[in-house]
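So the sequences go chain by chain: A and B. Mapping of the first sequence onto the numbering used here: residues 22 to 330, in sequence order. Mapping of the second sequence onto the numbering used here: residues 22 to 330, in sequence order.
Protein chains: 2
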Amino acid sequence: MPQAIECVNALVDEFQQRRPIRAGSLIITLYGDAIVPRGGTVWLGSISKLVEPIGINERLVRTSVYRLTRETWLQGEKVGRRSYYSLSGPGRRRFEQAFKRVYHGTQPPWSGQWTLVLLSQLEVLRRQKVREELEWLGFGHFANGLLAHPTLSRRETLAVLQELDAAEEAIVMRTEALEPLASRPLRLQVRESWNLDELAGHYQRFLTLFRPLWKALNEENHLDEEACFIARTLLIHEYRRVQLRDPQLPDELLPTAWEGRNAHQLCRNIYRMIHHRAENWLDRHLETAEGPLPAPGPSFYRRFGGLEQ
Amino acid sequence: MPQAIECVNALVDEFQQRRPIRAGSLIITLYGDAIVPRGGTVWLGSISKLVEPIGINERLVRTSVYRLTRETWLQGEKVGRRSYYSLSGPGRRRFEQAFKRVYHGTQPPWSGQWTLVLLSQLEVLRRQKVREELEWLGFGHFANGLLAHPTLSRRETLAVLQELDAAEEAIVMRTEALEPLASRPLRLQVRESWNLDELAGHYQRFLTLFRPLWKALNEENHLDEEACFIARTLLIHEYRRVQLRDPQLPDELLPTAWEGRNAHQLCRNIYRMIHHRAENWLDRHLETAEGPLPAPGPSFYRRFGGLEQ
Chain A
22 MPQAIECVNA LVDEFQQRRP IRAGSLIITL YGDAIVPRGG TVWLGSISKL
72 VEPIGINERL VRTSVYRLTR ETWLQGEKVG RRSYYSLSGP GRRRFEQAFK
122 RVYHGTQPPW SGQWTLVLLS QLEVLRRQKV REELEWLGFG HFANGLLAHP
172 TLSRRETLAV LQELDAAEEA IVMRTEALEP LASRPLRLQV RESWNLDELA
222 GHYQRFLTLF RPLWKALNEE NHLDEEACFI ARTLLIHEYR RVQLRDPQLP
272 DELLPTAWEG RNAHQLCRNI YRMIHHRAEN WLDRHLETAE GPLPAPGPSF
322 YRRFGGLEQ
Chain B
22 MPQAIECVNA LVDEFQQRRP IRAGSLIITL YGDAIVPRGG TVWLGSISKL
72 VEPIGINERL VRTSVYRLTR ETWLQGEKVG RRSYYSLSGP GRRRFEQAFK
122 RVYHGTQPPW SGQWTLVLLS QLEVLRRQKV REELEWLGFG HFANGLLAHP
172 TLSRRETLAV LQELDAAEEA IVMRTEALEP LASRPLRLQV RESWNLDELA
222 GHYQRFLTLF RPLWKALNEE NHLDEEACFI ARTLLIHEYR RVQLRDPQLP
272 DELLPTAWEG RNAHQLCRNI YRMIHHRAEN WLDRHLETAE GPLPAPGPSF
322 YRRFGGLEQ
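So, in structure tokens, the structure goes:
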């Protein structure tokens, strides 16, 4: 059985072999997982030092941070010769939304009601466009021209359609709660409409990637602080990448044996085991113009149902 | 301007020119309009005498009544050499259902709720079959695989699907009332889904056929009893034929200027003007083994919002 450090090296190899290396995306992971809980601002040089062992060199960090700034995720400030980067206002909102899902797996109980949007009265090209926008919001395709969402309200949907200038043509309906909430044909429909088989494949790939590390850590848990930081960053990065594709359907609509649940569990278990040593590493490697960053706030320790402090 | 009797003759010509002459259907009209209110049983010979001037001879009456008996609309009884025919039990139920619509045009106010049936989980050939059956029940086609009904309840729909052995595969949803009840795209959708333009054409044809009679009767109302009987029978026959195609959508979903409303109004107005003399004709021409039939019951006089006695 491979040792934990070998598993971490294998994960780094895996990350580096992927083309293109999405350095910007990894830096977003770093901000969301490590920097935001500590205030959100950091010297560009600390970022470079942290991600170098993952195979992202300083030049790549610079161009990525530059791009993230242009895309209004980050905003920079120069103090003397050093540049410090924080999340921008809109960036912070998007981060919070996206990362909440990563650390808090369970969903509130589902009402059983659907919001349906019928697009038959839209001219074909506009229908295609509106359909794509609604799919971005997690709508699934129940039938040709019929989109469905289990949690977005009718009012929220109408607001979106208004923005798309389609509120005058789309027909938006809200169903009463079904009894049972999820019949067999409805589950099959959901599986098809949200392509759950493909999503399960992605979660399966995540599980295959990280299960060896979990086994090794269980065997012998003395990975050093840097390796813990690298493992934690790649763990959240890979999990987040799969979760981005996940429409976050209510639990009631998912298969009984659902890879997404297993993936969340594995992610939580590894995180709980290594987060502390990774924080020690961050204590010593993150800094702003005022010196080291503050310790993570209380909301950090609420991640994954509660972390040991 | 043609006289009323010329209009009646033109209507008879019109009826006779149609091929095939649907004598059975006309006999059903006669039962529903004239015989049921008087007890529902009549000597076969009276039927022949009544419909002969419309161009249906005795032989055609016999074969039609024979077919209606085989199809369980009618049941026969022989007393001596004469045959007497009544509505059968199931026939009576179907009659009542069908004729209630003819004489009572207005619909109860609509709740604004839709029953939706999603057939995507049915195998293609079965989907086609179930779709056709639901369309018979007045379901409209909102999108490929999505049927909608404005008044049938979810429970009634599930019962139908159970009979079709499709309840385990179809997804039946009930929407909350929309606000407004009928938006512009919903009205357009309804017009498309129930092919209201074609239906309007059939009502238009009915209006064109009977408006001259109405004008003539308004001018000079002394049509004889037999002509009144013929006019009334063809009036209800033609109206019923169009109404059979009418899904009877809630008023809220129909166009503001709707030919169906005009047709009902014309039908009512002519009926009110001639029903009495037609009844006199029936008094003298309908008989059973016990002699002439009883006078029509009170429900007859509630037709079309109330008839003069």
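Positions of the beta carbon are idealized from the N, C-alpha and C atoms, including for glycine.
Measuring straight from C-alpha to C-alpha, what distance separates W302 of chain B and A164 of chain B? Spanning the two alpha carbons is a distance of roughly 51 Å.
Go ahead and pull the three-state DSSP assignment for W157 of chain A. Residue state, collapsed to three classes: helix.
Using a Cβ cut-off of 8 Å (strictly closer), state whether L274 of chain A contacts chain B. No, L274 of chain A does not count as interfacial toward chain B.
Please say whether F116 of chain B and G166 of chain B have beta carbons closer to each other than 8 Å? In this structure, F116 of chain B does not lie closer than 8 Å to G166 of chain B by Cβ.
Going along chain A, which residues have a C-beta under 9 Å from A180 of chain B? Correct list: empty, because the minimum Cβ distance to chain A is about 15 Å.
Candidates B:T309, B:W215, B:E311, B:M294: which alpha carbon is nearest L329 of chain B's? Correcting the residue type first, residue 329 of chain B is Glu in the shown sequence and not Leu. Relative to E329 of chain B, the option among B:T309, B:W215, B:E311, B:M294 whose CA is nearest is B:M294.
Would you mind telling me which residues of chain B sit closer than 9 Å to Q286 of chain A, beta carbon to beta carbon, in chain order? What Q286 of chain A touches in chain B: nothing, since even the nearest Cβ is about 31 Å away.
Quick check on the burial criterion: 16 or more other C-beta atoms within 10 angstroms. Buried or exposed for A180 of chain A? It counts as exposed.
DSSP beta-bridge partners for M194 of chain A? Under DSSP, the beta-bridge partners assigned to M194 of chain A are A:L137.
Burial state of R261 of chain A, where buried means 16 or more other Cβ atoms lie within 10 Å: With 16 or more Cβ atoms within 10 Å of its Cβ, R261 of chain A is classed as buried.
Whose C-alpha, out of A:T50, A:R114, A:D267, is nearest the C-alpha of V72 of chain A? The option with the nearest alpha carbon to V72 of chain A is A:T50.
For a test of the three-state rule: what should DSSP assign to G53 of chain A, helix, strand or coil? Here DSSP, grouped into helix, strand and coil, assigns G53 of chain A to helix.
Residue from A:R176, A:L220, A:R253 with nearest C-alpha to L234 of chain A: Selection A:R176, A:L220, A:R253 evaluated against L234 of chain A yields A:R253 as nearest (Cα-Cα).
Outcome for H223 of chain B when other beta-carbon atoms lying within 10 angstroms are tallied against a minimum of 16: Around the beta carbon of H223 of chain B, 16 or more other beta carbons lie within 10 angstroms, which makes this residue buried.
Counting contacts by CB-CB distance shorter than 8 Å, is M294 of chain A in contact with chain B? Not an interface residue.
Inter-stretch contact (C-beta, 8 Å, three-pair minimum) for the region 212–220 of chain A and the region 191–199 of chain A: Judged by Cβ distances under 8 Å, the region 212–220 of chain A makes no contact with the region 191–199 of chain A, as fewer than three pairs qualify.
Interface residues of chain B facing E190 of chain A [CB-CB closer than 9 Å]: Within chain B, R205, P206, L209 have C-beta atoms less than 9 Å from the C-beta of E190 of chain A, given in sequence order.
Which of the three DSSP states is assigned to W64 of chain B in this structure? Collapsing the DSSP output to three states places W64 of chain B in a strand.
Using 8 Å as the threshold, is the C-beta distance between W215 of chain A and P268 of chain A below it? Their beta carbons are under 8 Å apart, which means W215 of chain A touches P268 of chain A by this criterion.
Compute the distance between the beta-carbons of H306 of chain B and S46 of chain B, then report whether it is under 8 Å. Between H306 of chain B and S46 of chain B, the CB-CB gap reaches or exceeds 8 Å.
Check the Cβ of S141 of chain B against every Cβ in chain A and list those closer than 7 Å, keeping chain order. Within chain A, F163, A164, Q210 have C-beta atoms less than 7 Å from the C-beta of S141 of chain B, given in sequence order.
With 8 Å set as the bound, which would you pick, yes or no: does the beta-carbon of W235 of chain A sit closer than that to a beta-carbon of chain B? Using beta-carbon distances, W235 of chain A does not count as an interface residue toward chain B, since no partner is under 8 Å.
Nearest-angstrom Cα separation, counted from L32 of chain B out to R59 of chain B: Here the alpha carbon of R59 of chain B sits roughly 26 Å from the alpha carbon of L32 of chain B.
Could you name each continuous beta strand (DSSP E) segment of 3 residues or more that falls completely within the region 54–121 of chain A, going from the start of the chain to the end? Listed in chain order, the complete beta strand (DSSP E) runs (minimum 3 residues) inside the region 54–121 of chain A are 62–64, 95–100, 103–108.
Counting only beta-carbon atoms, is E144 of chain A nearer than 8 Å to chain B? Chain B, which has no Cβ nearer than 8 Å to the Cβ of E144 of chain A, makes this no.
Neighbour flag for R114 of chain B against chain A, beta carbons, 8 Å: False, the Cβ-Cβ gap to chain A never drops below 8 Å.
Are S107 of chain A and G61 of chain A touching if we call contact CB-CB under 8 Å? Contact: yes.
Any idea what DSSP makes of H243 of chain B, helix, strand or coil? It is coil, neither helix nor strand.
Rounded to a whole number of angstroms, what is the C-alpha to C-alpha distance between P206 of chain A and D272 of chain A? Each residue's alpha carbon lies about 16 Å from the other.
Partners in chain B for L167 of chain A, counting only beta-carbon separations shorter than 7 Å: Near L167 of chain A (Cβ distances below 7 Å), the residues of chain B are A164, L167.
Tell whether a beta-carbon distance below 8 Å holds between A187 of chain B and M22 of chain B. If you check the CB distance, A187 of chain B and M22 of chain B do not come in under 8 Å.
On the premise that Q142 of chain A lies in contact with L270 of chain B, defined as a C-beta separation below 8 Å, what is that separation, rounded to the nearest angstrom? With 8 Å as the limit, L270 of chain B and Q142 of chain A do not qualify as a contact, their Cβ atoms being about 17 Å apart.
The alpha helix (DSSP H) that contains H296 of chain B, what's its start and end? Looking at the DSSP string, the run of the alpha helix (DSSP H) that includes H296 of chain B is 280–306.
Beta carbon of I48 of chain B nearer than 8 Å to that of L89 of chain B: Taking 8 Å as the cut-off, the Cβ atoms of I48 of chain B and L89 of chain B count as close.
For I221 of chain B, the three-state DSSP class (helix, strand or coil): Reading the sequence as shown, one finds Ala at residue 221 of chain B and not Ile. In this structure, A221 of chain B counts as helix in the three-state DSSP scheme.
For R232 of chain B, collect the residues of the same chain with a Cβ closer than 8 Å to its Cβ; drop the 5 residues on either side in sequence, then sort them by chain order. Same-chain partners within the cutoff: L287.
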